[in-house]
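Residue numbers (my numbering): 2 to 149.
Virtual Cβ for every residue (Gly too), placed ideally from N, Cα, C.
Bear in mind the structure is a predicted one, so any value in this text is a computation, not a measurement.
Here you go:
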């Protein structure tokens, strides 16, 4: 597996969960908890990508600021300056971006166009893909060694 698009195709769950920017942070957190995910894409009233809200956003911008999640709109605490990748992005480049920017989720969009969402990948998705590739390589090497 070499590109983000290959990773997206291989993901068992292809649903990208979203939340409207006017919804409460409490609703967003409940949605994340229900689906066992760490981030939601935030959409505006037209359904376009407005940002992302993550567990970290909730912790640092709501909980530690002692805001009431039931009375705080997602748009107040979401991350607006999205860091995105295109489907053609090599997985290692996506990992480098996540490491350098200290983020755990990257929306996948068309280059230069953050309105078309292809998917969302997490550091866990990248780790699972790497583990799968390494397992295949180990099996191949074992077979080669035992046949030689």
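Using three-state DSSP, classify residue 106 as helix, strand or coil. Here the question's residue 106 lines up with position 105 in the chain shown. Three-state result, residue 106: strand.
Compare the Cα-Cα distances from residue 69 to each of 25, 6, 79 and 118 and report the closest residue. For the purposes of this step, residue 69 is taken as the residue at position 68 of the chain shown. When only C-alpha atoms are compared, the closest one is 25.
Taking all protein chains shown into account, decide if residue 78 is buried (16 or more other Cβ within 10 angstroms of its Cβ) or exposed. Translated into the one-based positions of the chain shown, residue 78 becomes position 77. Residue 78 comes out buried.
So for residue 23, helix, strand or coil by DSSP? Residue 23 sits at position 22 when you count from the first residue of the chain shown. The answer is coil: DSSP assigns residue 23 none of H, G, I, E or B.
Thinking C-alpha only, which one of 27, 17, 36 and 28 is nearest residue 107? For this step, residue 107 is matched to residue 106 along the chain shown. Among 27, 17, 36 and 28, the Cα nearest to that of residue 107 belongs to 17.
For residue 110, is the classification buried or exposed, using 16 other Cβ atoms within 10 angstroms of its Cβ as the cut-off for buried? As a working note, residue 110 is residue 109 in the chain shown. Result: buried.
Considering only the alpha carbon of each residue, which of 148, 125, 146 and 143 lies closest to residue 9? Residue numbering aside, residue 9 sits at position 8 when the chain shown is read from its first letter. Residue 9 has its Cα closest to that of 125, out of 148, 125, 146 and 143.
Roughly how many angstroms lie between the CA atoms of residue 12 and residue 129, to the nearest whole one? Counting from one through the chain shown, the residue named residue 12 turns up at place 11. Counting from one through the chain shown, the residue named residue 129 turns up at place 128. Their backbone Cα atoms lie some 10 Å apart in a straight line.
Residue 91 to residue 60, Cα distance in whole Å? The residue given as residue 91 occupies position 90 in the chain shown. The residue given as residue 60 occupies position 59 in the chain shown. Straight across, the Cα-Cα distance linking residue 91 with residue 60 is about 31 Å.
How many angstroms separate the CA atom of residue 15 from the CA atom of residue 119? Position 14 of the chain shown, counted from the first residue, corresponds to residue 15. Position 118 of the chain shown, counted from the first residue, corresponds to residue 119. Annotation: residue 15 to residue 119 spans about 10 Å, alpha carbon to alpha carbon.
Taking Cβ to Cβ, would you say residue 41 is nearer than 8 Å to residue 19? Translated into positions along the chain shown, residue 41 becomes position 40. Translated into positions along the chain shown, residue 19 becomes position 18. The answer is yes: Cβ separation under 8 Å.
Residue 121, buried or exposed, once every other Cβ within 10 Å from all chains shown has been counted against 16: Locating residue 121 in the chain shown gives position 120, where the first residue counts as 1. When all chains shown are included, residue 121 counts as buried.
Return helix, strand or coil for residue 125, following the three-state DSSP convention. In the chain shown, residue 125 corresponds to position 124, counting from 1. Residue 125 falls in the helix class under three-state DSSP.
Here's a check: name, in chain order, each residue in its chain whose Cβ is nearer than 8 Å to the Cβ of residue 63, leaving out the five neighbours to either side. Here residue 63 refers to the residue found at position 62 when the chain shown is read from its first residue. Residues 26, 70, 73 and 78 of the same chain have their beta carbon placed closer than 8 Å to that of residue 63, with the five preceding and five following residues left out of the count.
From 47, 86, 144 and 33, pick the residue whose C-alpha is nearest to that of residue 54; which is it? The residue you call residue 54 lines up with position 53 of the chain shown. Ranking 47, 86, 144 and 33 by Cα distance to residue 54 puts 33 first.
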